[in-house]
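Residue numbers (our numbering): 51 to 392.
See below for the structure under consideration.
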């Protein structure tokens, strides 16, 4: 049985506030483990003001910063209805990659605005400092001490399936409206996530079509919907999405711009946790059940519940990787792993 768009079944809104200003973006607020919509946070950005005027005004404004670098855009035909996804048999994607100058990609999006049936052109996760140097001097949040990766997303109507990001995230709508549907991390098993190593845009995604969920194929998705939270963001609105929260994003208008900030609460030299998961699948998943249980005990002891007194019987100088990991130790571990995996 195929249902209607999940928005008809979601009864919870994402918590929001109208009272937070840019000056109120404290580390405590940004470190929250709960999502929060910040209405009007970036209303004073020049980019937002241009975006509210027209697509042409924001395009002209962005092109004033253009560094003439080439981007990779995703092109999907009109029948994809904006969904960035797989082909029916999941042997390929339903879009193609196109390399072009950023200004040309943006102009293509603009040329499609008035078409009754338009293809999707999606310029995702484009580093602002590299492609639009100077943009942040006029449009920024005071969180540089977190060393965020700042990206811009430009396109027409699009649907990006529910996925998680390891870094924490604050995303700001510059032009167009954007629907955000969130699920807490523990809904993994109810979201019917696709492959880990063959993904449309880097992260594993839910295979459920939120516009028409197939409950015969994905029955547990109903359980996920019970926990879902949804909001529509307007230009100038921002949202804090904590690490590992599943988020489904829909750009609703014919021309949309979003800027987001990713940062991690641990040093970058510690590496991406997804690599650990992939290595564990390689080395542990197919062991006999008894051995998997024994390895689970080891992981709990050394990784997930490392009590300080677990290692007091070892002299500190001899603890090696059991000590707090610094950058030098991280390099040594990576070298050891490379040597063992070759």
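Even glycine gets a Cβ: it sits at the ideal position worked out from N, Cα and C.
All figures in this text were calculated on a predicted structure; none of them were measured in a lab.
Residue environment, residue 207, which counts as buried when at least 16 other CB atoms sit within 10 Å: buried
Rounded separation between residue 178 and residue 384 - CA only: 30 Å
Cα-Cα separation, residue 242 to residue 231: Answer to the nearest angstrom: the Cα atoms are 16 Å apart.
Segment contact flag, the stretch 292-302 with the stretch 218-228, C-beta cutoff 8 Å, min 3 pairs: Yes, since at least three Cβ pairs between the stretch 292-302 and the stretch 218-228 fall closer than 8 Å, the two stretches touch.
Cross-strand partners of residue 220 (DSSP beta bridge): 290 and 311
Beta-bridge pairing of residue 140 - partner residues as DSSP gives them: According to DSSP, which records beta bridges pairwise, residue 140 is partnered with nothing at all.
Length-filtered (4 minimum) alpha helix (DSSP H) runs lying within the stretch 210-271: none
Residues of its chain near residue 66, where Cβ-Cβ distance is below 8 Å and the 5 sequence neighbours each way are ignored: 86, 87, 88, 89 and 281
At least three beta-carbon pairs within less than 8 Å, the stretch 55-69 to the stretch 277-296: yes
Residue 118 beta carbon less than 9 Å from that of residue 421: The chain is shown from 51 up to 392; residue 421 falls before or after that span and cannot be answered.
Complete alpha helix (DSSP H) runs within the stretch 129-209 (minimum length 4 residues, chain order): 152-161, 178-181 and 185-188
At least three beta-carbon pairs within less than 8 Å, the stretch 235-251 to the stretch 343-351: no
Supposed contact pair residue 366 and residue 373 - C-beta distance, whole angstroms, cut 8 Å: 7 Å
9 Å Cβ cutoff met for residue 155 and residue 121: yes
Residue 176 to residue 362 span [Cα, whole Å]: So the alpha carbons of these two residues sit roughly 47 Å apart.
Cβ-Cβ distance between residue 224 and residue 108 below 9 Å: yes
For residue 356 and residue 239, the rounded distance between their alpha carbons: Going from the Cα of residue 239 to the Cα of residue 356 covers about 26 Å.
As assigned by DSSP and simplified to three states, the class of residue 78: helix
Rounded distance between the beta-carbons of residue 292 and residue 76, thought under 8 Å: No, residue 76 and residue 292 are not in contact; Cβ-Cβ is about 15 Å, not under 8 Å.
Close-in-space but distant-in-sequence residues of the same chain around residue 112 (CB under 7 Å, 5 per side omitted): 156 and 182
Exposed unless 16 or more other CB atoms sit within 10 angstroms - verdict on residue 263: buried
N- and C-terminal bounds of the beta strand (DSSP E) containing residue 300: 296-301
Where the alpha helix (DSSP H) through residue 87 begins and ends: For residue 87, there is no enclosing alpha helix (DSSP H); the enclosing beta strand (DSSP E) covers residues 86-88.
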